[in-house]
Amino acid sequence: MSRTSTPDPTLDIIQQVEEPRMRENLFYLAKDPLPYRKLNYTLPGHEKNTLYEADDFIQGELESWGYAIEKEPVQVQAYRCDTAKTPKSSWFSPPLPEDPWYTAYNIYAKKTGSVHPDEIIVVISHKDSQSWIDSPGANDNAVGTVGNMEVSRVLANYDSRRSIWFIYCNEEHTPWTSATAANNAKERGDTIVAVFNIDGIGCKSPEDTEAGKKINVTRYTTPEGEQLADLMAEVNEAYEIGLIQSKYHRPTPNDDDGSFINAGYPAAVLNIGSYPYKDPNYHSEGDVAETVDIENAAMAVQATLAAILQIDRQP
Ligand SMILES: [Zn+2]
């Protein structure tokens, strides 16, 4: 019996990641025209709040690549700001019952698999900026948002064997809307085989930035997550992406990947530029677009793409 070997398309695909496009989208979402992405801030003279304007931008880009968009509404509040707390990154505080409620949306762009449509790979990023302060949230998490958009764009015409869902959620208002996404998936009985949370990619200490290091840390909680972290290291080597790639075990779930672990989907990880997170501007006004290492972020996007393709190519 002879076997024809299909060429591995991964290298071609990851080379389609466009750093200039990521930069342009980043500045759109975290500087001009949108200084923030939050439900409680509307630009003077504008009809919609800045998070809804960001939603419109993300949705328009995804539609231009051929995706049909679904939006899942979640009721949330802005955090209050408690300047007495230290460090500054922990200033976010629970809202009071009388504080306003808003409808935040999870945005979905979905590819349906041609062989195993019932097996879903999730790529998730929170798109909102900090609701309790005036920060552009460029590294946290406009960079992950544009990274997810780039994965969505590059895979738009790829014939995937499994289904791939790109989810844009909200984590800087409360409650986190990824919990709704994960819990609704569980309630429907969806089979999610892997979750990649893209948040803070390429963001590391000023020393590491100064030294020109290109870093990705894959944070995991479960044995299934550790397999994904090992896969990230494998593809970084195999396709010579050039990241300093490492894995970090966090005993308890957290963030948007944690929402999926908590809902019963253990194969969930976070890709981030440093962990524990080393951005001196974390959750502050200084988290501006100019500080983003977009080259590092593009490399992390390539590695995430390669890992997704590796999972998808399995029979
Ligand atoms: Zn974040």
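Those letters in the sequence shown? Residues 1108 to 1422, per the working numbering, in order. Using N, Cα and C, we set each Cβ at its ideal position, and we do this for glycine too.
Our contact map puts residue i next to residue j with C-beta atoms below 8 Å; I'd like the distance itself, whole angstroms only.
i, j, result
"Ser1366", "Ala1286", "4 Å"
"Gly1254", "Ile1322", "Actually they are not in contact, since the Cβ atoms of Gly1254 and Ile1322 sit about 15 Å apart, beyond 8 Å."
"Ala1211", "Leu1169", "Actually they are not in contact, since the Cβ atoms of Ala1211 and Leu1169 sit about 18 Å apart, beyond 8 Å."
"Tyr1275", "Ile1165", "6 Å"
"Arg1130", "Ile1379", "Arg1130 to Ile1379, Cβ: 19 Å. No contact."
"His1067", "Arg1269", "This structure does not reach residue 1067, given that the chain is present from 1108 up to 1422, and the question cannot be answered."
"Ile1299", "Asp1419", "About 14 Å; that fails the 8 Å criterion."
Compute the minimum distance between the beta carbon of residue i and the heavy atoms of ligand 1, and state whether it is under 7 Å.
i, result
"His1223", "no"
"Glu1392", "no"
"Asn1304", "no"
"Asp1247", "yes"
"His1233", "yes"
"Gly1307", "yes"
"Glu1278", "yes"
Who are residue i's beta bridge partners in DSSP?
i, result
"Trp1272", "Lys1217, Val1229"
"Phe1303", "Val1230, Val1376"
"Asn1323", "Gln1352"
"Cys1188", "Phe1199"
"Thr1298", "Glu1226"
Could you say which of the options lies nearest to residue i if we only look at CA atoms?
i, options, result
"Pro1202", "Lys1217, Pro1194, Asn1388, Glu1279", "Glu1279"
"Leu1141", "Ile1401, Ser1236, Tyr1275, Gln1123", "Ser1236"
"Lys1218", "Trp1172, Gln1184, Pro1180, Arg1130", "Trp1172"
"Asn1304", "Thr1190, Gly1296, Leu1335, Lys1311", "Leu1335"
"Ser1242", "Asp1364, Ile1176, Val1395", "Val1395"
"Glu1347", "Lys1138, Asn1361, Met1406", "Met1406"
"Tyr1327", "Ile1368, Gly1296, Thr1411, Asp1315", "Ile1368"
"Ala1413", "Ile1299, Val1258, Thr1298", "Val1258"
"Arg1144", "Ile1240, Gln1123, Ala1263, Asn1403", "Ile1240"
"Val1302", "Asn1246, Asp1206, Ala1374, Pro1313", "Ala1374"
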